[in-house]
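Asks: After the structure tokens below, expect a handful of questions from me.
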Amino acid sequence: MSLNEEYVDSLYGSDADLERVKAGLDAHGMPQISVSEGYGRLLTMLVRMSGASRLLEIGALGGYSGICLARGLQNGGSLLSLELLKPYADVAKRHMTDAGLGERVDYRVGDAKESLAALVHEGCQFDFFFIDADKEGYLAYLDYALQLAVPGAVIVADNILLRGRTTDETKQGPAVQAVRAFNARIATDKRLKSTVLPGYDGLAIAIVKG
Ligand SMILES: C[S@@+](CC[C@H](N)C(=O)[O-])C[C@H]1O[C@@H](n2cnc3c(N)ncnc32)[C@H](O)[C@@H]1O
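Heads up: the sequence shown begins at 176 in the numbering used here, then just goes up one per residue.
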């Protein structure tokens with residue numbers, strides 16, 4: 176983390192619900208790869224500012240971003256979270272419940288591409304997407320999000336800088352190449368209006384044009 180990021184995070188008091196998630200990740204032997212604190216706060220703001228009520232998250236882990244997303248909901252609304260691993264979805268659900276948000280979330284367990292194909296088949300629609308699963312899948316997740324989005328929907332994706340690997344030309348692995356392709360699409364796809372924030376590990380934010 177940069178000094179600026181540390182400084183900004185230090186302005187905020189500790190958050191009991193999110194600290195519980197971090198402790199729970201350790202307790203269950205899960206990786207500490209939740210969204211950064213600053214972008215967690217931003218997720219809450221984006222949901223609230225956009226007035227979104229049908230949220231779709233790809234990659235639940237222990238529920239850190241799920242809490243941030245669901246906190247932005249107003250007057251009802253819900254979060255559907257796609258997670259590969261059932262034990263992770265169970266941990267996330269417990270953390271959401273402990274945060275008083277258990278009623279707001281449902282999980283679909285399995286490969287997100289299969290869950291997304293099923294959601295398209297079922298005719299589901301969403302007005303907010305948070306993409307934060309395997310990086311090789313990012314382009315496919317964006318394509319599915321576009322199929323599932325109502326006009327004006329917000330699409331957010333985390334880790335688009337891959338801790339410096341995205342801009343390191345010596346790195347050419349599948350995850351790096353996939354994220355570079357995703358970033359190029361986010362910036363140029365005519366159906367989207369977007370920006371990319373380079374703080375923390377990089378966050379892409381796009382709106383689906385009406
Ligand atoms: C970076 S973590 C998500 C962090 C979470 N969004 C947060 O900030 O609290 C990535 C998650 O994606 C899940 N995942 C990886 N590949 C997946 C796939 N193909 N389908 C669904 N989930 C996947 C992992 O199991 C892991 O829980």
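Cβ atoms here follow ideal geometry from the backbone N, Cα and C, with glycine treated the same way.
1. If distances are taken between C-alpha atoms only, which option among Glu232, Leu276, Gly237, Tyr263 comes closest to Leu255?
2. Should Asp302 and Ala328 be called a contact, given that it needs their Cβ atoms to be closer than 8 angstroms?
3. Does the count of Cβ pairs from the stretch 331-349 and the stretch 305-313 closer than 8 angstroms reach three?
4. With 16 other CB atoms within 10 Å as the buried threshold, where does Arg223 fall?
5. Taking all protein chains shown into account, decide if Met220 is buried (16 or more other Cβ within 10 angstroms of its Cβ) or exposed.
6. Cβ of Glu337 within 7 angstroms of any heavy atom in ligand 1?
7. So, is Leu294 buried or exposed, given that buried needs 16 or more other C-beta atoms within 10 angstroms?
8. Could you check whether the Cβ of Asp184 sits closer than 7 angstroms to any heavy atom belonging to ligand 1?
9. Kindly examine ligand 1 and report whether one of its heavy atoms sits closer than 7 angstroms to the Cβ of Gly237.
10. Straight-line CA distance for Gly298 to Leu178?
11. Thinking just about the alpha-carbon of each residue, which of Gly385, His270, Ser211 is nearest to the one in Glu180?
12. Would Ser228 and Gly251 be called neighbours here (beta carbons separated by less than 8 angstroms)?
13. According to DSSP, is Glu232 helix, strand or coil?
14. Where are the alpha helix (DSSP H) runs, 4 residues long or more, that stay fully inside the stretch 187-248, in chain order?
15. Which residue marks the beginning of the alpha helix (DSSP H) containing Pro349, and which one marks its end?
16. In the DSSP output, which residue or residues are listed as bridge partners for Tyr282?
17. Pull up the distance between the alpha-carbon of Arg118 and that of Thr272, whole angstroms please.
18. Taking only runs that begin and end inside the stretch 294-348, name each unbroken beta strand (DSSP E) of 3 or more residues, in chain order.
19. How about Leu276 and Ala245: do their beta carbons lie closer than 8 angstroms?
Replies: Looking at the coordinates:
1. Of Glu232, Leu276, Gly237, Tyr263, the residue nearest in Cα terms is Glu232.
2. Going by C-beta atoms, Asp302 is nearer than 8 angstroms to Ala328.
3. Judged by Cβ distances under 8 angstroms, the stretch 331-349 makes contact with the stretch 305-313, as three or more pairs qualify.
4. Under this definition Arg223 is an exposed residue.
5. Met220 is classed as exposed because its beta carbon has fewer than 16 other beta carbons within 10 Å across all chains shown.
6. For the record, residue 337 in the displayed sequence is Leu; it is not Glu. No.
7. With a 10 Å radius around the Cβ and a threshold of 16 neighbouring Cβ atoms, Leu294 comes out buried.
8. Placement of the Cβ of Asp184 at a distance of 7 angstroms or more from every heavy atom of ligand 1 is found.
9. Residue side-chain check: Gly237 places its Cβ nearer than 7 angstroms to a non-hydrogen atom of ligand 1.
10. Distance between the alpha carbons of Gly298 and Leu178: 46 angstroms.
11. Among Gly385, His270, Ser211, the Cα nearest to that of Glu180 is on Ser211.
12. Remark: C-beta atoms of Ser228 and Gly251 approach each other more closely than 8 angstroms.
13. Looking at Glu232 - three-state DSSP - the assignment turns out to be strand.
14. Given a length threshold of 4 residues, each whole run of the alpha helix (DSSP H) inside the stretch 187-248 is given here in chain order: 191-202, 212-225, 239-246.
15. Residues 349-363.
16. In DSSP, Tyr282 forms a bridge with Ser256.
17. Residue 118 lies beyond the residue range present for the chain, which begins at 176 and ends at 385; the question has no answer from this structure.
18. The qualifying runs are 301-306, 324-333.
19. Contact: yes.
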